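For reference, the structure is listed below as structure tokens.
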Amino acid sequence: MAVIEMQKLTVIGLNSGRTPFIHELMHLGVVEINSQEGVVNDEEWMSDIFRTSNSADVSRLEADISRVSTALEAINRYDKGKKPLFHTREEIGRGKFTDYMNRTKTETEMNVETAVMSYKQIADGQNEINRLKGIIAGLRPWESMDLPLQTKETKYSVVILGTVNIKTKFEELLQAVLGKAPSAVVQQVSADVQQIYISIICLKEERDQAFEALREFAFNPVSFTEHYGPPREVMKQYETQIEEIQQGINEKEALLAELSGAKKQIEFLYDSLSMHRDRAKIVGNMLSTEMVFYFDGWMPKKAQPEVEALLKEFEFYYEINEPESDEEIPVCLQNGGFSTPFEAVTNMYSLPSRHDIDPTKILAPFYFIFFGLMLSDAAYGIIITVACWILLKKFKLEGMTYRMIKMFSFCGISTFFWGVIFGGWFGDFFTVAGKTLFNVDFVIKPIWFDPLSEPMKLLIFSLILGGIHLFVGMGIRAYMYIKEGHPLDALLDIGLWYILLIGLVLFGLGSSVGPAMVTVGKGMSIVGAAGILLTGGRSKKGILGKVTGGLGSLYGITSYLSDVLSYSRLLALGLATGVVAKVINTLGSLAGGGLKGAIVLLIAFVVGTIFNIAINALGAFVHSCRLQYVEFFGKFYTGGGRPFVPFERKTKYIKILK
Amino acid sequence: MAESLFSGEFLALAGAAIAALAGIGSAIGVGVAGEAAAGVVSEDPNKFGQVLLMQALPGTQGIYGLLIAFLVMVKVGLLGGTGMIDLTMIQGAGIFAASLPIGLVGIFSGIAQGKAAAAGIMLVGKKPSELAKGMLFAAMVETYAVLALLVSFLMLNSIQV
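Protein sequence lines, in the order shown, are assigned to chains F and B. Position 378 (the first sequence) corresponds to 448 in our numbering; numbering is contiguous. Position 93 (the second sequence) corresponds to 207 in our numbering; numbering is contiguous.
Have a look at this one:
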């Protein structure tokens, strides 16, 4: 299927051509370069060959990048402009980009400097404000005191400030202090929920006695040596200071907001630097001697002509080999047309390993059908498809996001289809609206049947779909066995199950077709079951192993049962959409007819529909994935392939055209 | 008194109420997932969309419960404007029994799914690319709520009134 064929590339080139070559290789963006870590272990070679590493360059560039990204973060925070729904990259030609960078670099770097500085000053300012606010909060309880804070003593007296717990009785404290130090003047300055703030003035010689008395009350002395003047004035001073700092911050913020005009240049600089960094970094994956450098890696077979042309242009030595059978090859998927977006589903699970086949093409139609069946509302389908289509038109999406949106636009079509089949148009909105507002009976007839009145029919249909899905999965397993050269395994592990399962279905349900069917089914079941019992343990050693192996295999029939029943969710989720829509419409219709009724109906309809689409599309997405991952992949797929990561421009904001 | 308690009408309404109790499971589940989500977003606000998606997953049990409750109410004529129809005790008891699966399974699976979703959210916090797997773990739990919904629905559908 569609795992791209890879080839191994080995190159030796002259050091003098390395830098321009790396430039061009990045432009091509089709070669993955292997890390050469631990490759050269031979003592003899070690002295001549070294892994070129320019980590100094790399870390310098990293530092630059982090500065630019700080600048962008700062600008984005104060950017008042509207942010787009999706992040897209701006397209630009290669020459144009170089031109642009040369023209704007100096100015942009200055802007970055300004942004980073301003951001730092804002942060510093805010820290300072917090510090001052803390001091002010500490001074607030002493606000009513007239004494300057720095005053600790006069010629004959000392000033003691401090706190005691709020539970302390002030009267008792006062008496105790006066008892020991009769000259003391004790004042309660203020109190809050935790503490009482107390000032005590007494003669110097009575100081120790006063402290002795205070100790019993767990007195906690405080001092304000760093402040000058009475508390009220000190606080005022600090408040003015805060205002000044705040003003500075506001100015810087305005400056940053202004810089948002230069954001584009800074983003360009960011990408330019990160490409530069990547180029410097990749050199670390190459081996060098005095004169030449070496690297190996992977490239898709179809990229061979352009890579060869480049290598010939530089006159480098190269070899292109087919991969050896035990090598781990990086995986890149390519499917055509309809199935491309469904690569997202495969990707989310795991890429195929060397022994797997790409399941995308096969799962695509099933995913398409299941999603639609679980949502099954014609109007919702139209909404989803149109919304996705608008997104695709409006934004130049790439990668995973693009695939997902594209996939949903397809799934919307399927939803529409099943909606028409089962007669769901916003649930039964048109019927309800017709009845409440215009008093007419208006029913959109389903093309096939209405699942709400005949759920068993849809349940059986769902299980049949599930059976087909599972059988296809098993078929792929058989195909893989045959391809690997084990046709016997295909026959015994898959063929016998086919016979048993089909036999069981005929045995159970064949009577509606004719009694002969039941007999045939019975025969097939017995043959299948006996075959599985006899051959299931063939790889095990010893009689006991073979017997238990056979029994174990046959016991696996329970997993087929649960697998098939799992598809009943197709019905359940389909019903959920329909009934929730019905709930919404019924709620809307409760206000009756007339203008008021119409408004209520409309509001309930709009809000409810958005809710219903959101929650049920999520459900359909998750459960379609589950059916693929658990039931379908369980039959044949292991995954675990390593994604192909070519050396290319990994840019965030721009896309340089080829 | 006892007579009215065991009347078909009351049993049917009690059934609708029990079905709606599935919302308890969803409320707890979404709550647990929300706590985890807030933790992840505090580290990286950009993950908001992803974790919100995960948080929504345990919410479906409540919807399934509502769904059965609604169908019961339609069946007994509460929402049709015609007024409630008369039910025999057998019919009422049948409706009551039909409501039990989604009511009970909804509560417990909602809570369990909430825990799985919370763990999935932690997974997304550490490895954002593994969102699908985290969702899948939570969806595995939901299977049983779906099955209960199906049982409730099929039972309810087969009761003649």
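In this text, a Cβ means the ideal position worked out from N, Cα and C, and glycines have one as well. From a predicted model like this one, the values you see are computed outputs, not experimental measurements.
The Cβ atoms of S694(F) and M444(F) lie closer than 8 angstroms to each other. Those residues of the region 163 to 175 of chain B placed with their C-beta closer than 8 angstroms to a C-beta in chain F are L167, A170, L171, G173 and T174, ordered along the chain.
Taking a C-beta distance under 8 angstroms as the contact criterion, D216(F) and A327(F) do not qualify as a contact pair. For a cut-off of 8 angstroms, the C-beta gap from I230(F) to I266(F) is around 14 angstroms, too long to register as a contact. By the C-beta density criterion, K189(B) is buried, having at least 16 other C-beta atoms within 10 angstroms. At a cut-off of 8 angstroms between beta-carbon atoms, L268(B) makes contact with chain F. Of all C-beta pairs linking the region 133 to 149 of chain F to the region 338 to 347 of chain F, three or more are shorter than 8 angstroms, placing the two stretches in contact.
Secondary structure at K725(F): strand, using DSSP grouped into helix, strand and coil. Residue environment for M526(F): exposed (fewer than 16 other C-beta atoms within 10 angstroms of its C-beta).
Listed in chain order, the beta strand (DSSP E) elements of length 3 or more contained wholly in the region 578 to 626 of chain F amount to none. Contact annotation: Q205(B) and V275(B) have beta-carbon atoms nearer than 8 angstroms. The distance from the Cβ of S484(F) to that of F438(F) is about 5 angstroms, consistent with a contact at the 8 angstroms cut-off. Look at C458(F) here: in three-state DSSP terms it is helix. Neighbourhood of Y308(F) in chain B, by CB distance below 9 angstroms: empty, with the nearest CB roughly 32 angstroms away. The C-beta of T196(B) comes no closer than 8 angstroms to any C-beta of chain F. Non-local beta-carbon contacts of C458(F) in its own chain, meaning distances under 6 angstroms to residues more than five positions away in sequence, involve I475, F478 and S479 in chain order. In the DSSP annotation of this structure, the continuous segment of the alpha helix (DSSP H) that includes T416(F) starts and ends at E413 to Y419. Residue state for M76(F) is assigned as strand, using DSSP reduced to three classes. Contacts between R696(F) and chain B, judged by CB atoms closer than 9 angstroms, involve M249, L250, A253, M254, E256 and T257 in chain order. Membership of F541(F) in the alpha helix (DSSP H) is indicated by the continuous run P525 to K553.
In terms of beta-carbon proximity, N160(B) stays away from the interface with chain F, with every pair separated by 8 angstroms or more. In the DSSP secondary-structure assignment, A373(F) is not bridged to any residue.
With respect to the 8 angstroms criterion, V401(F) and L421(F) are classified as neighbours on the basis of their beta carbons. Counting every other CB atom within 10 Å of its CB across the protein chains shown gives A262(B) a total of 16 or more, marking it as buried. DSSP places Q258(F) inside the beta strand (DSSP E), whose first and last residues are V255 to A261. C695(F): not part of any beta strand (DSSP E); member of the alpha helix (DSSP H) spanning G664 to R696, first to last residue. Looking at the DSSP output, V234(F) bridges to I266(F). Taking a cut-off of 8 angstroms for Cβ pairs, the region 220 to 230 of chain B and the region 164 to 178 of chain B touch, as three or more such pairs fall below it. Judged by beta-carbon spacing, L209(F) lies within the 8 angstroms limit of V304(F), meaning their Cβ atoms are closer than that value. Sequence-distant Cβ neighbours of L562(F) in its own chain, meaning closer than 6 angstroms and more than five residues away, are T605. Only buried fits I602(F), as 16 or more other CB atoms lie within 10 angstroms of its CB. For the pair of segments examined, the region 126 to 145 of chain B was found to touch the region 179 to 187 of chain B: the number of CB pairs separated by less than 8 angstroms reaches three. Per the Cβ contact rule, the region 532 to 547 of chain F is in contact with the region 630 to 638 of chain F (3 or more Cβ pairs under 8 angstroms). Fully enclosed beta strand (DSSP E) runs of no fewer than 3 residues occupy 160 to 162 of the region 125 to 198 of chain F, in order along the chain.
Interface criterion met: the Cβ of L645(F) is under 8 angstroms from a Cβ in chain B.
V81(F) is not a Cβ neighbour of P716(F), given a cutoff of 8 angstroms.
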